[in-house]
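Novice: Mind having a look at this structure? Questions to follow.
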Amino acid sequence: MFARSVAPVAAGMARQCMRPCSFRGFASTSFFTDQHEYAVIKDGIATCGITNHAQEQLGDLVYVSLPEAGDELGQGESVSVLESVKAATEMYAPVSGTVVEVNSALESDPGLVNRSPEEEGWFVKIKVSDEAETQGLMQREAYDAFAAAEEH
Amino acid sequence: MQRVLYVRNLGRVTYTEGLRAQEKLQRQHLDELAGKTSEPGRDTLLLCEHHPVYTTGYRTSNYPSQEEERLRKLGAEFYRTNRGGLITYHGPGQLVVYPVLNLGHFRKSMKWYVCQLEKSVIRACQTFGIHAQTSPDTGVWVGDRKICAIGIHGSRFVTTHGFALNCNPDMTWFRHIVPCGIMGKGVTSLSMELGRNIKIQDAISPVVSSLAEQFEISEVRNWDEEVSTERTVEGQEKSSTSSQ
Chain W
16 MFARSVAPVA
26 AGMARQCMRP
36 CSFRGFASTS
46 FFTDQHEYAV
56 IKDGIATCGI
66 TNHAQEQLGD
76 LVYVSLPEAG
86 DELGQGESVS
96 VLESVKAATE
106 MYAPVSGTVV
116 EVNSALESDP
126 GLVNRSPEEE
136 GWFVKIKVSD
146 EAETQGLMQR
156 EAYDAFAAAE
166 EH
Chain U
844 MQRVLYVRNL
854 GRVTYTEGLR
864 AQEKLQRQHL
874 DELAGKTSEP
884 GRDTLLLCEH
894 HPVYTTGYRT
904 SNYPSQEEER
914 LRKLGAEFYR
924 TNRGGLITYH
934 GPGQLVVYPV
944 LNLGHFRKSM
954 KWYVCQLEKS
964 VIRACQTFGI
974 HAQTSPDTGV
984 WVGDRKICAI
994 GIHGSRFVTT
1004 HGFALNCNPD
1014 MTWFRHIVPC
1024 GIMGKGVTSL
1034 SMELGRNIKI
1044 QDAISPVVSS
1054 LAEQFEISEV
1064 RNWDEEVSTE
1074 RTVEGQEKSS
1084 TSSQ
């Protein structure tokens, strides 16, 4: 009986996580910007990248520029330039902080962003300086609705 | 949806003057998006022709200073830009179009936008009886010869840079580079394909009309007429005030 009452609650919480779902959702939260960047924050570190919607709208990436560990970023500042189909597009920091790690796999394999934008194709990990900034960002459900509305 | 497209013909300008004009329009769009102004940004086509210049895109490290020197010695300028794409040439006889658009008025997708530009140029070529097409390499092609190069930048879905359609340029300038980094393919122009002289002036109307159709524009306005109309209105207001 206990398992039957827990299962729907867990399922509801899991739906709020970044896919694929796991109990990691209890410890991390995903936020999204209106420029289609995400920040998955856990223990004060935000793993950031672009969403699946964003990579679809860009096309196949041929180049991704990344900052360096130690760089300080403000929320909304340009953090990367992505190139696809002869278009160079800027990506912006979803939250302010210090870059602690960049995904160097993207230097030789920018297509990883297209194949796995919200998992292996992350761009930077940022040590968040002000978690209050996330109040201005969307969570998954609101973002999905926002992205769907932009299609029309 | 009411979509207005402004067209401004800058004429023969330096590359820097073209950049300044784009930056001003881009700033107006970005300020509107950031809520810094209630003045709406204008979706604008800037048309121009440049003095001989080679430009690189964001991946500029492919072209070190020795390369820059070599090309400058030919008598051309050299600029490193923030657009996509690799090296290209602009010069007299080539129609350069910079659409500075807020894609929020259209569709927020760079891939879609570039595709729309390609389709517009293909339409324009069709009016000359030239069958052009796209290929896995961005740009517009006639066979394996590129007739129009494309390179774009997007910032919060506000576009800058654009495309360059060869009308009757001196094609020898292209021999000194691998255009757009694509080896083994040629370049061509409207004049070369038709065997007669097609000037930039002949291409402007077909290109603007094609863009207007492809982007489903409700109204095309001439930027310079708008400016002179505004000045006339200001002048009349001033003179009526002073006469009282």
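As they're listed, the protein sequences go chains W and U. Its first residue numbered 16, the first sequence is counted upward by one per residue in the numbering used here. Its first residue numbered 844, the second sequence is counted upward by one per residue in the numbering used here. In this text, a Cβ means the ideal position worked out from N, Cα and C, and glycines have one as well.
#1: Just the Cα atoms here: how many angstroms apart are I56 (chain W) and Q90 (chain W)?
#2: In chain order, what residues of the same chain have a beta carbon less than 6 Å from the beta carbon of T977 (chain U), not counting five sequence neighbours either side?
#3: Determine, using beta-carbon pairs with one atom in the segment 73-87 of chain W and one in the segment 107-125 of chain W, whether at least three such pairs fall under 8 Å.
#4: I want to verify the contact list: residues of chain W whose CB lies under 8 Å from the CB of M953 (chain U), in sequence order.
#5: Going residue by residue through the segment 77-161 of chain W, where are the continuous beta strand (DSSP E) segments of at least 3 residues, counting only ones entirely within it?
#6: Can you list, in chain order, the residues of its chain with a C-beta nearer than 6 Å to that of H996 (chain U)? Leave out the 5 residues immediately preceding and following it.
#7: Could you have a look at N1011 (chain U) and say whether DSSP puts it in helix, strand or coil?
#8: With distances taken between CB atoms, is the gap from R846 (chain U) to L890 (chain U) smaller than 9 Å?
#9: Relative to chain W, which residues along the segment 893-926 of chain U have a C-beta separation below 8 Å, given in chain order?
#10: Assuming contact is defined by CB atoms lying nearer than 9 Å, are L1033 (chain U) and N1065 (chain U) in contact in what I supplied?
#11: What does a CB cutoff of less than 6 Å around K951 (chain U) pick up in its chain, not counting 5 residues either side in sequence?
#12: Please work out which residues of its chain come closer than 6 Å, Cβ to Cβ, to G112 (chain W), disregarding the five sequence neighbours upstream and downstream, and give them in chain order.
#13: Spell out the partners DSSP gives L1033 (chain U) in its beta bridges.
#14: When you compare the CB positions of N1009 (chain U) and Q959 (chain U), do they come within less than 9 Å of one another, or not?
#15: With C-beta atoms as the reference, is G994 (chain U) less than 9 Å away from T931 (chain U)?
#16: Let's test the definition: count the other Cβ atoms within 10 Å of the Cβ of H68 (chain W) and tell me whether it reaches 16, buried, or not, exposed.
#17: Suppose you measure from the CA of E52 (chain W) to the CA of G64 (chain W); what does that come to, to the nearest Å?
#18: If you measure between the beta carbons of K954 (chain U) and A54 (chain W), is that distance less than 9 Å?
#19: Classify M844 (chain U): buried if its beta carbon has 16 or more other beta carbons within 10 angstroms, exposed otherwise.
#20: In whole angstroms, what separates the C-alpha of P942 (chain U) from that of L888 (chain U)?
#21: Rank W:V96, W:T104, W:Q72, W:Q150 by C-alpha distance to the C-alpha of V110 (chain W) and give the top, closest one.
#22: Run down chain U in chain order and give the residues with a C-beta less than 7 Å from the C-beta of Y53 (chain W).
#23: Work out the CA separation of Y107 (chain W) and G1038 (chain U) for me, nearest whole Å.
#24: Leaving out five residues before and five after A61 (chain W) in sequence, what residues of the same chain have Cβ atoms less than 6 Å from its Cβ?
#25: Which residue marks the beginning of the beta strand (DSSP E) containing A61 (chain W), and which one marks its end?
#26: Any C-beta of chain U sitting closer than 9 Å to the C-beta of V168 (chain W)?
#27: Below 8 Å on the Cβ atoms is my contact criterion, and I expect I965 (chain U) with T1031 (chain U) to pass it. Report the Cβ-Cβ distance as a whole number of Å.
#28: Mind listing which residues of the segment 81-92 of chain W have their C-beta closer than 8 Å to chain U's C-betas, in chain order?
#29: Given this structure, state the Cα-to-Cα distance separating L944 (chain U) from I1047 (chain U), to the nearest angstrom.
#30: Under the three-state reduction of DSSP, which class applies to L1088 (chain U): helix, strand or coil?
#31: R19 (chain W) CB to nearest chain U CB: under 9 Å?
#32: Tell me whether K140 (chain W) counts as near the ligand COA, meaning its Cβ is closer than 8 Å to at least one heavy atom of that ligand.
Specialist: Short version:
#1: 14 Å
#2: Same-chain partners within the cutoff: E961.
#3: Touching, yes.
#4: Q72, L73, G74, S99, V100, A102, T104
#5: 93-99, 102-107, 112-117, 139-143
#6: So the list reads N925, R926, T1003, H1004, once near-sequence residues are dropped.
#7: coil
#8: no
#9: Within the segment 893-926 of chain U, the residues whose Cβ lies closer than 8 Å to some Cβ of chain W are G900, Y901, R902, N925, R926, listed in chain order.
#10: no
#11: The residues are F1000.
#12: I141, K142, V143, S144
#13: Answer is none; L1033 (chain U) lacks a bridge partner.
#14: no
#15: yes
#16: buried
#17: Near 6 Å, if we compare the C-alpha coordinates of G64 (chain W) and E52 (chain W).
#18: no
#19: exposed
#20: 4 Å
#21: W:Q150
#22: Chain U residues near Y53 (chain W): none, gap ~17 Å exceeds 7 Å.
#23: Taking the straight line from one Cα to the other gives about 48 Å.
#24: A54, V110, I141, V143
#25: 60-65
#26: Outside the modelled stretch of chain W, which goes from 16 to 167, sits residue 168 (chain W), for which no answer is possible.
#27: Going by Cβ atoms, the distance from I965 (chain U) to T1031 (chain U) rounds to 14 Å, so no, they are not a contact pair.
#28: none
#29: 19 Å
#30: Any question about residue 1088 (chain U) goes unanswered here, given that chain U covers just 844 to 1087.
#31: Residue placement at R19 (chain W) is flagged as unreliable, the pLDDT there being 49, under the threshold of 50; the coordinate-derived value follows with that caveat. With 9 Å as the cut-off, R19 (chain W) does not count as an interface residue toward chain U.
#32: Summarising the ligand content, the structure contains no ligands, and the ligand COA is consequently not present.
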